[in-house]
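**Student:** Numbering (our numbering), first residue to last: 10 to 91.
Note that CB positions come from ideal geometry on N, CA and C, so glycine has one too.
Dropping a structure here in structure tokens format, bear with me for questions.
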């Protein structure tokens, strides 16, 4: 829904920047609900959402995002263009 909303309001050349927690690579799911009650997403899923809503991926990097019970949680940091 976020990608659809961004696609609806951005004009050509507009940028959509976001972060989303990273799902474990070994999982086959597009996204999972973690014990923290936060969703985590696979790279494949993020790229598919971008394509489905008419965005070009300018940058999608995996970096530390936050710490949860002394464990570093990584996120996708994305920059998409319309």
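1) Please look up how many angstroms separate the CB atoms of residue 25 and residue 74, rounded, as I've assumed it's under 8 Å.
2) Taking buried to mean at least 16 other C-beta atoms within 10 Å of its own C-beta, is residue 59 buried or exposed?
3) Return yes when the Cβ of residue 85 is within less than 7 Å of the Cβ of residue 31, no when it is not.
4) Would residue 22 be called buried (16 or more neighbouring beta carbons within 10 Å of its own) or exposed?
5) State the Cα-Cα distance for the pair residue 55 and residue 43, rounded to the nearest angstrom.
6) Where does the unbroken alpha helix (DSSP H) through residue 54 begin, and where does it stop?
**Tutor:** Result, derived from the coordinates:
1) Not really, about 18 Å apart at Cβ, beyond 8 Å.
2) Around the beta carbon of residue 59, 16 or more other beta carbons sit within 10 angstroms, so the residue counts as buried.
3) Yes; because the gap between Cβ atoms is below 7 Å, this pair is in contact.
4) Label assigned to residue 22: exposed.
5) The straight-line gap separating the alpha-carbon atoms of residue 55 and residue 43 is approximately 17 Å.
6) Here the alpha helix (DSSP H) through residue 54 covers 52-61.
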